[in-house]
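First the structure, in the form of structure tokens, and then the observations on it.
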Amino acid sequence: MTEAVRHPALEHGAQLCGLAENEALPQDLLARFIDRADEELLGELAQRTDFGPALRHALVERGGSSVRETLVRAGSLPLEEVPRDDPKVALAALVGGLAPLSWAADLASSPDRDIRWEVAELEQDLGETFSVLSNDPDHSVLQSLAGNAALPADLMEELARHPSTAVRSALARNDQVPARILAGLLADGGSPPPTMCGSCSSVGDPAGRRAQCGDHAPGIREVQLSALQNPATPPDGMAAFVSLPEPWQRACIAGRAGIADEVYAALAEDADPRVRGALAENPAVPQQLLRRLAEDPSSEVRRELGANPAITLDLLTSLAAHQRFGRELLPRIAAASEDELRLLAASPVAQVRALAAVREDLPADLLAAFAADPDAGVAKRVAPHPSLTAGHVRTIAERHGPPVYSAVAASPHCPADLLHRMALDSGSVRKALRPIARHPSATAETLLICLEHRDGRRHAVRHPAMPPALLVELLADPDWEVASGAAGNSALPTAAMERLLDGWLPGAPEAG
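If you count the sequence shown from 1, position 162 lands on 155 in the numbering used here, and the numbers rise without skipping.
Following this line, the structure appears as structure tokens:
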């Protein structure tokens, strides 16, 4: 009787990593892959969602606990196959919503601190399990618990009195903590005074901790700063922190509602643009102060002002005439009425028209007007609009040329022949090759052009229209992204998949 040949394990590499993700991999080759994969590849394979029971069992048999955990996280392992005596797998099932919440009780008593830490983070009604975790001897578990938004109010009260400033600081960052507790943590770190901080937490004796850290002032300041950053903390008392040394600390106050107008005015004079920027984006800041910030020397501050939902339309249009904004839809423009959109579209200032051109619910006549706009900046912003026709995007490309090619290629209705022409003409704007190579309408001929430049190569190789023979050649590409992309392409010939699973290394000389 002839003994079966056992092939050496396949090792993790660009081609096999890509092949593990290939949706067109036949089931018989998937079975062969599972049989030969090394540990890393088994982990890659476990992220697939096309396993039948037999292949799933084979994968679990080879990969063990780590593969089970990945399968659970991918939603590919039924609850009846989750072993409760494997804490990591059981935890993955609990976190993913596969296992009932009753499993949390056992996991909360696990000797593995990391397991308890993750259970403490689970934002679900865990009932008595919360009480068990609140008595955990490890402070990192308590910190995780203190940050849990689902924690009952009575346990929040309890943790606010915890001796450790690290636990109180974690609680102070939780935006579900009652305002009264947060106000106390902001004022003085909470009551009673803490007796332990990060510097002395390893010292068991309270007297020894006092001798080492005194009043634990640095830890208390951390509690206060955590409360300062929490949007649920009442603004009363925040003015006392307006002179904090770090700009990010003052920016926390500048971004808050409910601060006195004179404090906002003082922050508007802050030397750091990050503080003034946080103020400029704050819808609670008085309008006269926003108008002063429109003259700020920092373009970043003015950009943040444009993103303020409370900015008046006249101030925004005035700002847009001198300040460049990105392609994102600004909140005030998102809230604009049709009459206001028409007002913006009629502006002689191109930057103002560009603000409205990104709205997806534009009336048909405004959409057509923006598509015919003589300014390339306006055309760029409207070109990806899902309601533009092929004729519209063709007109935009012909009128404005390479500077708008990236935006035109982002249009779902960009025709194949236009994609090809832009690819041929994109030498000076190579970044356009990326959206061209990703476009569903790109043809094989267009993808060949994209392959010539690194900007488009990594995207083109993943396109289903890539010629199969060329994909086989690209398996030998020295760029990991290209080689793995070729192996993961559903158009890769099955024969090439087989050769890879038989240990073929693309680019290596064939056996003679």
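The C-beta atom is built at its ideal place from N, Cα and C for all residues, glycine as well.
Backbone CA spacing between residue i and residue j [nearest angstrom]
i    : j    : result
G496 : L3   : 7 Å
V371 : E333 : 17 Å
N469 : E62  : Sequence check: residue 469 is Ala here, not Asn. The alpha-carbon atoms of A469 and E62 are separated by roughly 33 Å.
N167 : L221 : 11 Å
R352 : L322 : 7 Å
P428 : A153 : 52 Å
H456 : S434 : 10 Å
R374 : T310 : 17 Å
Q242 : S219 : 10 Å
D532 : G481 : There is no way to answer for residue 532, as the model of the chain reaches only from -6 to 505.
L260 : S399 : 40 Å
W96  : R49  : 24 Å
L100 : T122 : 9 Å
G449 : V401 : 16 Å
I490 : L18  : The sequence shown places Met at residue 490, not Ile. If you take the alpha carbons of M490 and L18, they lie about 8 Å apart.
R335 : L359 : 7 Å
D79  : S58  : 8 Å
P356 : H385 : 15 Å
E288 : A314 : 12 Å
Q136 : A98  : 19 Å
M231 : D354 : 41 Å
A504 : A51  : Note that A504 scores a pLDDT of 38, beneath 50, so its modelled location is shaky; the value from the coordinates is reported in the next line. When rounded, the distance between both Cα atoms is 32 Å.
H446 : D229 : 58 Å
P377 : A362 : 15 Å
M149 : P76  : 33 Å
D418 : A462 : 26 Å
A409 : A430 : 11 Å
L464 : S483 : 10 Å
A225 : E274 : 18 Å
G90  : R414 : 50 Å
A30  : L38  : 9 Å
L64  : E114 : 21 Å
H155 : P187 : 7 Å
C10  : L498 : 13 Å
A364 : A476 : 39 Å
Per DSSP, cross-strand counterpart(s) of residue i
i    : result
A30  : L3
M189 : S157
Nearest-angstrom Cβ-Cβ length linking residue i and residue j, presumed shorter than 8 Å
i    : j    : result
A125 : E111 : According to the sequence shown, residue 125 is Val rather than Ala. Rounded, the Cβ-Cβ distance is 14 Å, inconsistent with contact.
G211 : C190 : Checking the sequence, you will find Pro at residue 211 rather than Gly. Between C190 and P211 the Cβ distance is about 7 Å, and since that is below 8 Å, they are a contact.
V422 : P396 : 7 Å
V134 : R109 : 5 Å
P227 : D254 : So it is not a contact: roughly 17 Å between Cβ atoms.
T158 : E215 : 6 Å
T42  : A67  : 6 Å
V294 : L286 : 6 Å
L272 : Q217 : Actually they are not in contact, since the Cβ atoms of L272 and Q217 sit about 21 Å apart, beyond 8 Å.
A488 : V454 : The pair is not a contact, with the Cβ atoms about 19 Å apart (cut-off 8 Å).
A403 : C443 : Not a contact, Cβ separation roughly 15 Å.
A92  : L72  : 6 Å
I213 : G182 : 4 Å
G56  : L84  : 18 Å between Cβ atoms; not a contact.
L426 : N15  : The Cβ separation is near 24 Å, so there is no contact.
Contact set for residue i: own chain, Cβ-Cβ below 7 Å, skip 5 residues either direction
i    : result
A437 : A458, M459, P460
I326 : L348, A349, R352
G6   : none
V160 : H132, L135, Q136, A139, L152
L119 : L94, A97
D263 : R243, R269
P145 : F123
L440 : A430, A453, H456, A458, M459
Cβ-based neighbour list, residue i, same chain, cut-off 6 Å, excluding 5 preceding and 5 following
i    : result
E474 : R451
L493 : Q8, L12
R387 : L411
A277 : A250
F318 : G299
S184 : none
A163 : Q136, A139, G140
Cβ shell of residue i (< 8 Å), same chain only, five flanking positions each side left out
i    : result
S291 : P266, R269, G270
E151 : S127
V235 : R243, I246, V256, A259, L260
A343 : D366, D368, G370, V371
N223 : A165, R166, N167, D168, V170, L175
V345 : T310, A313, A314, L337
Considering only residues of the segment 111 to 171, which uninterrupted alpha helix (DSSP H) runs meet the minimum length of 4 residues and lie entirely inside it, listed in chain order?
Counting only runs that start and end inside the segment 111 to 171, the alpha helix (DSSP H) elements of at least 4 residues fall at 121 to 127, 132 to 139, 146 to 153, 158 to 165.
To test your reading of the DSSP string, which unbroken alpha helix (DSSP H) runs of 4 or more residues are found completely within the segment 282 to 340?
Counting only runs of 4 or more, we get 292 to 299, 306 to 313, 324 to 327, 331 to 338.
Alpha helix (DSSP H) segments (min. 4 residues) lying fully within the segment 452 to 481:
The segment 452 to 481 contains these whole alpha helix (DSSP H) runs: 461 to 467, 473 to 481.
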